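Quick note on numbering: numbering that gives the first Met the number 0 labels position 243 of the sequence shown as 242, and the sequence is numbered without any gaps. For every residue, glycine included, the Cβ atom is placed at its ideal position computed from N, Cα and C. Computed from a predicted structure; not experimentally measured.
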Amino acid sequence: MSLLVPIALPLIAAVCVFGIGGLLGERWRNLRDGLHTVLAVVTFFCVTRLYVGVTQGNSFDVSVIEVLPDLPIAFSVEPLGMLFALVASGLWIVTSVYAYGYMRGHDEQHQTRFFTWFAVAISAAIGVAFSANLMTLFVFYEVLTLSTYPMVTHHQTDEARKAGRIYLGILLFTSVCFLLSAIVWTWHISGTLDFTPGGILAGKIEDTQVPILLALFAFGAGKAALMPFHRWLPNAMVAPTPVSALLHAVAVVKAGVFTILKVVVYVFGLDLLTTTGANGWLMAVAGATLLISSAIALTLDNLKARLAYSTISQLSYIVLGAAMATASGVVGGAMHIAMHAMGKITLFFCAGAIYVGAHKKLVSELDGIATKMPWTMAAFTVGSVSIIGLPPLGGAWGKWFLGLGSIEAQAPMYVAVLMVSSLLSVGYLMPIVARAYFRPLPDDDHSHEAPLLCVVPLCATALGCLVLFVLGDEIYQLILPIVKGAG
Numbered sequence: 000m001s002l003l004v005p006i007a008l009p010l011i012a013a014v015c016v017f018g019i020g021g022l023l024g025e026r027w028r029n030l031r032d033g034l035h036t037v038l039a040v041v042t043f044f045c046v047t048r049l050y051v052g053v054t055q056g057n058s059f060d061v062s063v064i065e066v067l068p069d070l071p072i073a074f075s076v077e078p079l080g081m082l083f084a085l086v087a088s089g090l091w092i093v094t095s096v097y098a099y100g101y102m103r104g105h106d107e108q109h110q111t112r113f114f115t116w117f118a119v120a121i122s123a124a125i126g127v128a129f130s131a132n133l134m135t136l137f138v139f140y141e142v143l144t145l146s147t148y149p150m151v152t153h154h155q156t157d158e159a160r161k162a163g164r165i166y167l168g169i170l171l172f173t174s175v176c177f178l179l180s181a182i183v184w185t186w187h188i189s190g191t192l193d194f195t196p197g198g199i200l201a202g203k204i205e206d207t208q209v210p211i212l213l214a215l216f217a218f219g220a221g222k223a224a225l226m227p228f229h230r231w232l233p234n235a236m237v238a239p240t241p242v243s244a245l246l247h248a249v250a251v252v253k254a255g256v257f258t259i260l261k262v263v264v265y266v267f268g269l270d271l272l273t274t275t276g277a278n279g280w281l282m283a284v285a286g287a288t289l290l291i292s293s294a295i296a297l298t299l300d301n302l303k304a305r306l307a308y309s310t311i312s313q314l315s316y317i318v319l320g321a322a323m324a325t326a327s328g329v330v331g332g333a334m335h336i337a338m339h340a341m342g343k344i345t346l347f348f349c350a351g352a353i354y355v356g357a358h359k360k361l362v363s364e365l366d367g368i369a370t371k372m373p374w375t376m377a378a379f380t381v382g383s384v385s386i387i388g389l390p391p392l393g394g395a396w397g398k399w400f401l402g403l404g405s406i407e408a409q410a411p412m413y414v415a416v417l418m419v420s421s422l423l424s425v426g427y428l429m430p431i432v433a434r435a436y437f438r439p440l441p442d443d444d445h446s447h448e449a450p451l452l453c454v455v456p457l458c459a460t461a462l463g464c465l466v467l468f469v470l471g472d473e474i475y476q477l478i479l480p481i482v483k484g485a486g
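Now the structure itself:
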């Protein structure tokens, strides 16, 4: 029950939100949102209880139903899933509070529908995190896609519907055509889909087939936004900013890169990839995606679009870490899941606050805005420095271990790729900060800070970037067991 409760609680929250908002109306929104927040907090508490159990050496496993012989819907807790579940459940709280301020401050319609699907998406993300086998992961991965579609199309404009079609089309195409094919192939080869330390394919697959199966998994996890299957992410920016936060930090893209990491560690195994050399092409694709998307971000004036391409780049850090198939690479990729989540959610919170408080979407419109929105721009500065990867902020740890992973993989050129990417990050983030602080504010500017429910969460996540730097060793110790003995 301790394992099923964190998956069930968000579904209960969805039912409660729908019931209160749908039956009683918007006049009961304080009750609706308050209950939603309470259940988010309780969910995070339950996940932290599991974390304490894992650190004490306890195991948590449960099989719910057997779909086919020896193929159940089952859940289990291991370090990588534990980290993702902590990120998803913890950021659910601050994103919810932020969403209340944003949705009310911007007079958004259909708030009950929004928060209902939001809770369902969190349940799906935690289900992905705790999946004990590929079949369970696939089921919850698809639920996550379908539950976030109504939020992408929230405004119901022609632009939103078009974005929703691209979103659903790419994600369903990649998962059904590639990911499902990879799962069936894995079942045929190994006779099992269970996530197993060291992998399940060694000695059961031809060396020449390994890179093909890896490609099906890598591109099948379309939420990881590897090029050329990345267009859904910038197109989805038409949605309200809390949806952008959900997509970029809390659940969706993290489910994609988490899937790739988990498959590399528990299906292929690091030794199989390094001995066959099947990982080299994925390192190249991740590195190319990393640099190209950063270069595109430099050219964009729309703030959310710039942040979207930044996310595509940062996700490729995690894929690159998995593709290195080394202990430090996997640790760096796993740590970057948490570090990027905190930094990027801060930036999107700030972008939304700027839209609510200043009605501005473009970078070129942000001259001197720090004088009117000091808290928002201070948080934006902190989030930017974390994304760039400078201490004493959390983003530094992921890049540190990824650099070590490049050396362990005997591919030092990727250290240079990481350095160039960091410089590009400086190029597309710091000019925003400089413009806000050092250019004069236009005389006709009427900007002001967003509502308190927007400002408090973005300040909290900015502080979280610092806290994650301090907690770097705890996160490292959590992840370390999955790569012990790996090269």
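> For the putative contact between Phe-194 and Tyr-265, defined by C-beta atoms under 8 Å, what is the C-beta separation to the nearest angstrom?
Replying inline: As a working mapping, residue 194 is identified with position 195 in the sequence shown. As a working mapping, residue 265 is identified with position 266 in the sequence shown. About 4 Å; that satisfies the 8 Å criterion.
> When the distance is taken between beta carbons, is Gly-221 closer than 8 Å to Ser-174?
Replying inline: As a first step, residue 174 must be located in the sequence shown, where it is residue number 175. As a first step, residue 221 must be located in the sequence shown, where it is residue number 222. Going by C-beta atoms, Ser-174 is nearer than 8 Å to Gly-221.
> Do the CB positions of Lys-490 and His-447 come within less than 8 Å of each other?
Replying inline: Because the chain is modelled from 0 through 486, residue 490 falls outside the range shown and cannot be assessed.
> Do Leu-289 and Val-416 have their CB atoms nearer than 8 Å?
Replying inline: Against the sequence shown, residue 289 aligns to sequence position 290. Against the sequence shown, residue 416 aligns to sequence position 417. In contact: Leu-289 and Val-416 (Cβ atoms closer than 8 Å).
> Can you tell me where the alpha helix (DSSP H) with Phe-17 in it begins and where it stops?
Replying inline: Within the sequence shown, the letter at position 18 stands for residue 17. Residues 4–18.
> According to DSSP, is Ile-72 helix, strand or coil?
Replying inline: On the sequence shown, position 73 is the one that residue 72 refers to. In this structure, Ile-72 counts as strand in the three-state DSSP scheme.
> Can you tell which of Val-242, Ala-326, Met-102 has the C-alpha that lies nearest to the C-alpha of Leu-451?
Replying inline: Working through the sequence shown from its first residue, we reach residue 451 at position 452. Leu-451 has its Cα closest to that of Met-102, out of Val-242, Ala-326, Met-102.
>> For Ile-336, count the other beta carbons within 10 Å of its own beta carbon; 16 or more makes it buried, fewer makes it exposed. Which is it?
In response: Here residue 336 refers to the residue found at position 337 when the sequence shown is read from its first residue. Answer is buried; the Cβ neighbour count reaches 16.
> Nearest-angstrom Cα distance between Ala-433 and Val-119?
Replying inline: The residue given as residue 433 occupies position 434 in the sequence shown. The residue given as residue 119 occupies position 120 in the sequence shown. Whole-angstrom Cα-Cα distance: 39 Å.
> For Met-323, which residues of its own chain have a beta-carbon under 6 Å away from its beta-carbon, when the five flanking residues on both sides are left out?
Replying inline: Position 324 of the sequence shown, counted from the first residue, corresponds to residue 323. Taken in chain order, the residues that qualify are Gly-404, Ala-408.
> With Val-86 and Lys-343 assumed to form a contact (beta carbons below 8 Å), what rounded beta-carbon distance in angstroms separates them?
Replying inline: As a working note, residue 86 is residue 87 in the sequence shown. As a working note, residue 343 is residue 344 in the sequence shown. About 11 Å separates the two Cβ atoms, so there is no contact after all.
> With distances taken between CB atoms, is the gap from Leu-49 to Met-81 smaller than 8 Å?
Replying inline: Numbered from its first residue, the sequence shown carries residue 49 at position 50. Numbered from its first residue, the sequence shown carries residue 81 at position 82. Yes.
> Whose CA, out of Tyr-427, Ala-73, Pro-5, Leu-178, lies closest to the CA of Leu-299?
Replying inline: Taking the sequence shown and counting its residues from 1, one reaches residue 299 at position 300. Taking each of Tyr-427, Ala-73, Pro-5, Leu-178 in turn and checking the Cα distance to Leu-299, the smallest one comes out for Tyr-427.
> Does the separation of the CB atoms of Ala-296 and Gly-255 fall below 8 Å?
Replying inline: Numbered from its first residue, the sequence shown carries residue 296 at position 297. Numbered from its first residue, the sequence shown carries residue 255 at position 256. Cβ distance not < 8 Å, so Ala-296 and Gly-255 don't count as in contact.
>> Helix, strand or coil, according to DSSP, for Asn-234 in the structure here?
In response: What you label residue 234 is simply residue 235 of the sequence shown in a count that begins at 1. Of the three classes helix, strand and coil, the one that applies to Asn-234 here is helix, per DSSP.
> Among the residues of its own chain, which have a CB less than 6 Å from the CB of Ala-277, if the five just before and after it don't count?
Replying inline: Taking the first residue of the sequence shown as position 1, residue 277 is located at position 278. Cβ neighbours of Ala-277 beyond the five flanking positions: Val-209, Pro-210, Leu-213.
>> If contacts are defined as beta-carbon pairs under 8 Å, then Trp-186 and Pro-149 qualify, I think. What distance do you get, rounded to the angstrom?
In response: Position 187 of the sequence shown, counted from the first residue, corresponds to residue 186. Position 150 of the sequence shown, counted from the first residue, corresponds to residue 149. Wrong, their Cβ atoms sit about 32 Å apart, outside the cutoff.
>> Within the continuous alpha helix (DSSP H) that includes Asp-32, where are the two ends?
In response: Locating residue 32 in the sequence shown gives position 33, counting from the first residue. Unbroken alpha helix (DSSP H) run through Asp-32: 28–54.
>> Does Asp-206 come out as helix, strand or coil in the three-state DSSP assignment?
In response: Counted from its first residue, the sequence shown places residue 206 at position 207. Reduced to three states, the DSSP call for Asp-206 is helix.
>> Starting from Ile-199, trace the alpha helix (DSSP H) in both directions and tell me its first and last residue.
In response: Residue 199 sits at position 200 when you count from the first residue of the sequence shown. First-last for Ile-199: undefined, no H or E at that position.
>> For Ser-180 and Phe-257, what's the separation of their Cα atoms in angstroms?
In response: What you label residue 180 is simply residue 181 of the sequence shown in a count that begins at 1. What you label residue 257 is simply residue 258 of the sequence shown in a count that begins at 1. Ser-180 and Phe-257: Cα-Cα distance of roughly 19 Å.
>> My output table needs one value for Asp-270: the three-state DSSP class, helix, strand or coil.
In response: As a first step, residue 270 must be located in the sequence shown, where it is residue number 271. Here DSSP, grouped into helix, strand and coil, assigns Asp-270 to helix.
> Since Cys-464 contacts Ser-385 with CB under 8 Å, what's their CB separation in whole angstroms?
Replying inline: Within the sequence shown, residue 464 is the residue found at index 465, counting from 1. Within the sequence shown, residue 385 is the residue found at index 386, counting from 1. At roughly 4 Å, the Cβ-Cβ gap stays under 8 Å, so Cys-464 and Ser-385 are in contact.
> Can you tell me where the alpha helix (DSSP H) with Glu-65 in it begins and where it stops?
Replying inline: Against the sequence shown, residue 65 aligns to sequence position 66. Per DSSP, Glu-65 belongs to no alpha helix (DSSP H); it is in the beta strand (DSSP E), 60–67.
> Using the beta-carbon count (16 or more within 10 Å), is Gln-155 buried or exposed?
Replying inline: Within the sequence shown, the letter at position 156 stands for residue 155. When all chains shown are included, Gln-155 counts as exposed.
> Do the region 346–355 and the region 311–322 touch if we need at least three Cβ pairs shorter than 8 Å?
Replying inline: Remark: fewer than three beta-carbon pairs, one from each stretch, lie closer than 8 Å, so the region 346–355 and the region 311–322 are not flagged as touching.
> Thinking C-beta only, is Ala-238 closer than 8 Å to His-109?
Replying inline: Stepping through the sequence shown from its first residue, residue 109 is reached at position 110. Stepping through the sequence shown from its first residue, residue 238 is reached at position 239. Their beta carbons are not under 8 Å apart, which means His-109 does not touch Ala-238 by this criterion.
>> Going by DSSP, what residue range makes up the alpha helix (DSSP H) through His-335?
In response: Position 336 of the sequence shown, counted from the first residue, corresponds to residue 335. 326–357 is the extent of the alpha helix (DSSP H) around His-335.
>> Measuring alpha carbon to alpha carbon, tell me which residue in Gly-190, Met-376, Ala-250 is nearest Ala-357.
In response: As a working note, residue 357 is residue 358 in the sequence shown. Distances from the CA of Ala-357 to each of Gly-190, Met-376, Ala-250 were compared; the closest alpha carbon is that of Met-376.
> With distances taken from CA atoms, which of Phe-43, Asn-132, Ile-387 is nearest Leu-192?
Replying inline: In the sequence shown, residue 192 corresponds to position 193, counting from 1. Comparing Cα positions, the closest option is Asn-132.
>> Using only CA atoms, which one of Leu-170, Ser-146, Ala-294, Leu-79 lies nearest to Val-242?
In response: Against the sequence shown, residue 242 aligns to sequence position 243. If we check each option's Cα against that of Val-242, Ser-146 comes out closest.
>> Based on DSSP bridge pairs, tell me the residues matched to Asn-132.
In response: Taking the first residue of the sequence shown as position 1, residue 132 is located at position 133. Asn-132 pairs with Asp-193.
>> Using the Cβ count rule (16 or more neighbours within 10 Å means buried), how would you classify Arg-28?
In response: By one-based count along the sequence shown, residue 28 stands at place 29. Counting Cβ neighbours within 10 Å, Arg-28 comes out buried, since at least 16 surround it.
> Mapping DSSP to helix, strand and coil, what is Leu-479?
Replying inline: Residue numbering aside, residue 479 sits at position 480 when the sequence shown is read from its first letter. Three-state result, Leu-479: helix.
> So Ala-73 packs on Ala-39, CB below 8 Å; how close in whole Å?
Replying inline: Looking up residue 73 in the sequence shown gives position 74. Looking up residue 39 in the sequence shown gives position 40. About 25 Å separates the CB atoms of Ala-73 and Ala-39; that is not less than 8 Å, and the two are not in contact.
> Smallest Cα separation from Val-151: which of Gly-471, Leu-23, Trp-231?
Replying inline: Position 152 of the sequence shown, counting from 1, holds the residue named residue 151. Selected option, being the one with the closest Cα: Trp-231.
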